[in-house]
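Taking it in order: structure first as structure tokens, then the write-up.
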Amino acid sequence: MPEEIIHAAGMVPIRLTGDSQEPALEEANAYMYINTCSFVRSCLDLVLRNQYHFLDGFVSAATCDCPRRLTDVWKHYDFTPFVHIVDVPRKMTKSAHDLYHNEVQGLKDRLEGFFDVEITDEALRQTIKVFNRTRELLKELYDLRKSDCPPITGAEVLEVLNAGFKMPREEFNGLLERLVGEASSGQRAVKGKFRLMINGSPLNNPEFVKTIEDLGGLVVVDELCTGVRHWWDLVDDSPEIDPVEALSRRYLNNFPCPRMFPPEERFNRALQLVKDYRVDGVVSEVVRYCVHCAHDQPLLRRRLEIQGVPVLELSIEYGASGTGQIMTRVQAFLEMLEGRARR
Ligand code: SF4
Numbered sequence: 000m001p002e003e004i005i006h007a008a009g010m011v012p013i014r015l016t017g018d019s020q021e022p023a024l025e026e027a028n029a030y031m032y033i034n035t036c037s038f039v040r041s042c043l044d045l046v047l048r049n050q051y052h053f054l055d056g057f058v059s060a061a062t063c064d065c066p067r068r069l070t071d072v073w074k075h076y077d078f079t080p081f082v083h084i085v086d087v088p089r090k091m092t093k094s095a096h097d098l099y100h101n102e103v104q105g106l107k108d109r110l111e112g113f114f115d116v117e118i119t120d121e122a123l124r125q126t127i128k129v130f131n132r133t134r135e136l137l138k139e140l141y142d143l144r145k146s147d148c149p150p151i152t153g154a155e156v157l158e159v160l161n162a163g164f165k166m167p168r169e170e171f172n173g174l175l176e177r178l179v180g181e182a183s184s185g186q187r188a189v190k191g192k193f194r195l196m197i198n199g200s201p202l203n204n205p206e207f208v209k210t211i212e213d214l215g216g217l218v219v220v221d222e223l224c225t226g227v228r229h230w231w232d233l234v235d236d237s238p239e240i241d242p243v244e245a246l247s248r249r250y251l252n253n254f255p256c257p258r259m260f261p262p263e264e265r266f267n268r269a270l271q272l273v274k275d276y277r278v279d280g281v282v283s284e285v286v287r288y289c290v291h292c293a294h295d296q297p298l299l300r301r302r303l304e305i306q307g308v309p310v311l312e313l314s315i316e317y318g319a320s321g322t323g324q325i326m327t328r329v330q331a332f333l334e335m336l337e338g339r340a341r342r
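Residue numbers (numbering that gives the first Met the number 0): 0 to 342.
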């Protein structure tokens with residue numbers, strides 16, 4: 000979902016990330032089948048608990064059946080005056096691009112008509128610069144995590160990303176600039192026994208990552224749609240390209256999510272991250288009933304293991320904080336890494 004279109008209309012795009020704790024989901028379960036992923040039910044649960052009462056509209060992407068069904072419920076119960084769904088192809092072919100370009104243009108036209116605003120090319124170009132600045136700053140922050148003792152933990156990075164989903168972007172960029180400046184000063188160095196990557200379904204509970212880090216693993220990078228898959232690629236801001244075209248190209252060709260086909264591009268990028276960030280092991284969290292991740296994970300796992308990178312697979316409910324059984328499994332994984340290091 001190209002947030003820039005909303006920002007260029009003079010509005011504030013807020014990303015729905017559901018609850019950052021594991022909610023009971025009693026309310027949401029009354030509206031959606033429980034085999035809908037708990038990420039989507041968590042978002043619905045917050046709506047039903049009146050936590051998104053400040054929203055004027057809801058724009059969803061038809062990435063899989065779960066957000067589609069959430070959009071149906073949203074529309075049926077009129078949670079916000081404006082509701083729109085953007086179709087997103089699974090391939091990156093020429094016809095897929097044409098289709099997606101029409102979808103992005105359709106969102107722009109609907110926003111303009113519904114809210115009686117004009118989204119000019121100039122506003123879009125300006126917005127693209129603001130959002131690209133976020134991406135550059137996050138890249139700088141992530142680059143600092145490549146060092147032996149990074150200045151920031153994985154749990155803290157997740158807090159930063161969460162803030163970015165919910166704040167006016169210009170304000171977030173200002174804070175991020177300060178953070179990157181402080182983190183680059185060399186005054187803080189975090190040491191972990193092992194360098195880990197987290198990948199899988201959306202994740203927004205810093206407590207989950209903190210549990211892993213408290214046990215001795217340091218999360219130095221992720222491959223998540225709430226992490227690198229969200230911000231990695233820049234939008235082409237050259238003056239000769241039409242801004243809607245630039246946005247639709249970037250969002251379709253972006254660091255792919257497990258729903259995209261063929262999956263090789265994503266696997267290659269994930270393996271490159273493992274190399275660049277000198278990852279010792281991967282913790283893969285798959286939210287229950289997230290079919291895309293569940294189907295894709297064994298294929299990625301095989302590629303990682305061929306490279307000698309062990310993977311811990313965890314099937315969790317969205318928002319899980321990493322207590323109980325998860326903690327035991329992470330502990331056993333870290334012990335296994337320790338055993339390998341001693342050999
Ligand atoms: S991709 Fe997975 S986590 Fe995301 S909405 Fe679909 S099923 Fe849920």
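We put the beta carbon where it would ideally sit given N, CA and C, even for glycine.
For the beta strand (DSSP E) containing residue i, name the first residue and the last one.
i, result
"Asp86", "Phe81 to Asp86"
"Ser59", "Gly56 to Ala61"
"Glu284", "Gly280 to Val286"
Could you check whether residue j and residue i sit closer than 7 Å to each other, using their CB atoms as the reference points?
i, j, result
"Val58", "Met0", "yes"
"Phe81", "Gly56", "yes"
"Leu195", "Gly216", "yes"
"Arg144", "Val234", "no"
"Asn149", "Val87", "Rather than Asn, the amino acid found at residue 149 in this sequence is Pro. Result no, Cβ atoms of Pro149 and Val87 do not sit closer than 7 Å."
"Asp18", "Gly318", "yes"
"Phe260", "Lys128", "no"
"His291", "Arg258", "yes"
"Val285", "Ser200", "yes"
"Arg40", "Leu24", "yes"
"Glu26", "Leu47", "yes"
"Thr126", "Ala29", "no"
"Leu140", "Val179", "yes"
"Cys256", "Cys36", "no"
"Phe130", "Glu3", "yes"
"Leu214", "Val72", "no"
"Arg343", "Ala61", "In the structure as shown, the chain begins at 0 and stops at 342. Residue 343 is therefore absent and cannot be evaluated."
"Arg300", "Val308", "no"
"Val85", "Glu102", "yes"
"Leu336", "Phe207", "no"
"Leu43", "Tyr51", "no"
"Leu136", "Leu175", "yes"
"Glu316", "Arg287", "yes"
For the alpha helix (DSSP H) containing residue i, name the first residue and the last one.
i, result
"Asp221", "Taken as a continuous stretch (DSSP letters only), Asp221 belongs to no alpha helix (DSSP H), being part of the beta strand (DSSP E) at Gly216 to Glu222."
"Leu140", "Asp120 to Leu143"
"Gly307", "Counting along the chain, Gly307 falls outside any alpha helix (DSSP H), and DSSP gives it neither H nor E."
"Ala331", "Gly323 to Arg341"
"Tyr37", "Correcting the residue type first, residue 37 is Ser in the shown sequence and not Tyr. Here the alpha helix (DSSP H) through Ser37 covers Ser37 to Leu47."
"Val273", "Glu263 to Asp275"
"Thr70", "Asp64 to His75"
"Val103", "Lys93 to Phe114"
"Val243", "Pro242 to Asn252"
"Asn28", "Glu25 to Asn28"
"Met6", "According to the sequence shown, residue 6 is His rather than Met. Run containing His6: Glu2 to Ala7, per the alpha helix (DSSP H) assignment."
Classify residue i as buried or exposed, calling it buried when 16 or more other Cβ atoms lie within 10 Å of its own Cβ.
i, result
"Asn267", "exposed"
"His75", "exposed"
"His229", "buried"
"Pro297", "exposed"
"Pro205", "buried"
"Asp120", "exposed"
"Met31", "buried"
"Ala162", "exposed"
"Gly321", "buried"
"Ile33", "exposed"
"Ala245", "buried"
"Lys107", "buried"
"Thr92", "exposed"
"Thr152", "buried"
"Gly280", "buried"
"Thr327", "exposed"
"Gly338", "exposed"
"Lys165", "exposed"
"Ile211", "buried"
"Ser247", "buried"
Determine, using beta carbons only, whether residue i comes closer than 7 Å to chain D.
i, result
"Gly323", "Among the chains in the structure shown there is no chain D, since it carries only a single protein chain."
Return the chain-ordered ranges of every beta strand (DSSP E) run that is complete within the stretch 164-228 and spans a minimum of 3 residues. Whole beta strand (DSSP E) segments, 3+ residues: 193-199 and 216-222.
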